[in-house]
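Student: Below is one structure. I have some questions about it.
In my numbering, the protein residues as written are 8 to 99.
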């Protein structure tokens with residue numbers, strides 16, 4: 008992320024810090040803003056000239072990433088539970 012972009016994210020954090028937001032919430036908002044800006048930077052689109060369609064594509068991308076992360080965590084936990092049940096089943 009360029010210096011200008013990181014400066015914008017820092018300004019966002021400073022602005023949010025003046026509001027009644029918890030520091031964790033500020034961190035999450037700034038991280039989300041960084042992901043948003045990074046997405047457009049990778050696609051060589053200036054955030055200032057992004058169209059609603061560009062933003063919609065970003066949101067679809069972000070939702071897809073979220074689902075992949077959550078679905079993967081769910082399956083890894085479920086696999087561990089299945090293994091634990093299989094280990095305990097002969098003892099029962």
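C-beta atoms are modelled at their ideal positions from N, C-alpha and C, and glycine is treated no differently.
For residue 16, which three-state DSSP category applies?
Tutor: Counting from one through the chain shown, the residue named residue 16 turns up at place 9. Correct three-state label for residue 16: helix.
Student: Do the stretch 11 to 24 and the stretch 32 to 41 make contact, defined as three or more Cβ pairs closer than 8 Å?
Tutor: Yes: the two stretches touch, three or more of their Cβ pairs being nearer than 8 Å.
Student: From which residue to which residue does the alpha helix (DSSP H) around residue 101 run?
Tutor: Because the chain here runs from 8 to 99, residue 101 falls outside it and cannot be looked at.
Student: Taking the C-alpha atoms as reference points, what is the distance between residue 51 and residue 57?
Tutor: Here the question's residue 51 lines up with position 44 in the chain shown. Here the question's residue 57 lines up with position 50 in the chain shown. Approximately 10 Å between the Cα atoms of the pair.
Student: Taking all protein chains shown into account, do 16 or more other C-beta atoms lie within 10 angstroms of the C-beta of residue 46, making it buried, or fewer, making it exposed?
Tutor: As a position in the chain shown, residue 46 is number 39, starting the count at 1. Counting Cβ neighbours within 10 Å, residue 46 comes out buried, since at least 16 surround it.
Student: Consult DSSP for residue 33 and reduce its assignment to one of helix, strand or coil.
Tutor: In the chain shown, residue 33 corresponds to position 26, counting from 1. Residue state, collapsed to three classes: helix.
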